[in-house]
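Just below is one structure, and these are the notes that go with it.
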Amino acid sequence: MPSTETILNVGLTHYLALSAVIFSFGMIAVLMRKNVIVMLMGVELMLNAVNLSFIAFAKESGNLSGHIMVFFVMTIAAAEAGVGLALAVAIYKKFHEVNIRFFEHLRG
Amino acid sequence: MLWDAIGFYGMALFLIFFALKTITVPNPIHAALYLVLTMIGLAGMFFNLGAHFIAGVQMIVYAGAVMVLFVMVLMLFDLKAEIRSFSRGLLSGALKIMSSALLVGFALGSAGSSVAILDSSDTAPTQIDVTRQLGVLLYTKYLFAFEVLGILLLVVAVGVVAVSRMKGGTHAQH
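Line by line, the protein sequences are chains A and B.
With the numbering used here, the residue at position 73 of the first sequence is 67, and numbering never jumps.
Going from the second sequence to the numbering used here is simple: count from 1 and add 255.
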């Protein structure tokens, strides 16, 4: 059982725990939702959880490279959202629904 | 110290509540709006950690641009609240949730046992010139990665337009 001192003294571990919880929420969304767009939102949640742990480590070690990495991850996430939504539009044009079970009909 | 703890736990509860709402509400538009609140909470967290520039970028890029993109595409689709928004199967669902819980357990365990190894800095950068140091680092040490990222964004922009203008979606008739 953690002491009151550990609970009140907010440090790196607390931020890492919060990051892990948000990451697991994103993972559950990707695994269990059927709507492609909500699954993309789950991916965004996971990327943001990782960003939080990068910033927490950067503060703990006093090294600014973590901030740079977060900057790059944000750019990649924006590009990934654009590509994912374009694919969702392509699926919707054919099936008039965005549901993950239509991915089994994909062919090139 | 007490006020720090109260602020952290308040913001953490805010984040966890809205992240949970994001993945459980049946209507995708509501999920997108809860995701905006989660992003704003994360920006507050970054601000709290002294990353003021990253907090601003988070607000502009995520809570602004990316979420507008999501909401626009959702509006385009005319989606209604889904009756069965979760995938079928009780056993597989339980397995999925258990695997996520296992991942969190591993992450927490490794964090708890490895945080002590990390040597915390004696010379933490003063909060005032973090943004200046960030800019210098980005344009000197990480200049190549920055330029490559620009090319990647150009390729992605062209690719997105090409994919969304494909005739007949993925099932084009030849």
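Backbone N, C-alpha and C define an ideal beta-carbon position, used for all residues, glycine too.
Own chain residues within Cβ distance below 6 Å of residue i, not counting five before or after
| i | result |
| --- | --- |
| Met33/A | Val24 and Arg27 |
| Ile309/B | Phe301 |
| His61/A | Ala52 |
Whole-angstrom distance between residue j and residue i, CA atom to CA atom
| i | j | result |
| --- | --- | --- |
| Tyr264/B | Ala412/B | 40 Å |
| Leu6/A | Phe51/A | 7 Å |
| His90/A | Phe332/B | 8 Å |
| Leu288/B | Thr277/B | 8 Å |
| Ser341/B | Gly262/B | The sequence shown places Phe at residue 341/B, rather than the Ser named in the question. The alpha-carbon atoms of Phe341/B and Gly262/B are separated by roughly 34 Å. |
| Ala417/B | Leu392/B | 35 Å |
| Phe66/A | Phe401/B | 8 Å |
| Gly424/B | Met256/B | Confidence at Gly424/B is low in this model, with a pLDDT of 49, below 50, so its placement is unreliable and the value that follows should be read with caution. Rounded to the nearest angstrom, the two C-alpha atoms are 57 Å apart. |
| Val323/B | Leu290/B | 11 Å |
Where residue i sits in the DSSP three-state scheme
| i | result |
| --- | --- |
| Arg95/A | helix |
| Gly424/B | Note that Gly424/B scores 49 on pLDDT, short of 50, meaning its location in the model is unreliable and no value can be drawn from it. |
| Tyr397/B | coil |
| Asp384/B | helix |
| His429/B | For His429/B, the predicted model reports a pLDDT of 48, less than 50, meaning its position is unreliable and no value from the coordinates is stated. |
| Gly56/A | coil |
| Gly390/B | helix |
| Met63/A | helix |
One or two residues paired with residue i in a DSSP bridge
| i | result |
| --- | --- |
| Phe341/B | Arg27/A |
Near the ligand GTP: residue i beta-carbon under 7 Å from a heavy atom
| i | result |
| --- | --- |
| Val328/B | Annotation note on the ligand GTP: not contained in the displayed structure, which lists no ligands. |
Residues near residue i by beta carbon distance below 7 Å, same chain, minus five either side
| i | result |
| --- | --- |
| Ala111/A | Outside the shown range of chain A (-5 to 102) lies residue 111/A, about which nothing can therefore be said. |
| Phe19/A | Leu39 |
Spatial neighbours of residue i in its chain, beta-carbon cut-off 8 Å, leaving aside the 5 residues before and after
| i | result |
| --- | --- |
| Leu270/B | Thr293, Gly296, Leu297 and Met300 |
| Leu329/B | Pro283, Ile284 and Ala287 |
Give the residues from the region 259 to 281 of chain B that approach chain A closer than 7 Å (Cβ to any Cβ), ordered along the chain. Asp259, Ala260, Phe263, Ala267, Leu270, Ile271, Ala274, Leu275, Thr277 and Ile278
Which residues, in chain order, does the region 394 to 416 of chain B contribute to contact with chain A at a C-beta distance below 7 Å? Tyr397, Ala400, Leu404, Leu407, Leu408, Val411, Gly414 and Val415
Taking any Cβ of chain A, which residues in the region 298 to 311 of chain B have a Cβ under 7 Å from it, in chain order? Met300, Phe301, Leu304, Gly305, Ala306 and Ile309
Under 9 Å (Cβ pairs) to chain B, residues found in the region 1 to 14 of chain A: Ile1, Leu2, Asn3, Val4, Gly5, Leu6, Thr7, His8, Tyr9, Leu10, Ala11, Leu12, Ser13 and Ala14
Residues of the region 357 to 372 of chain B in Cβ contact with chain A at a cutoff of 7 Å, in chain order, please. Leu358, Val359, Ala362, Leu363, Ala366, Gly367 and Val370
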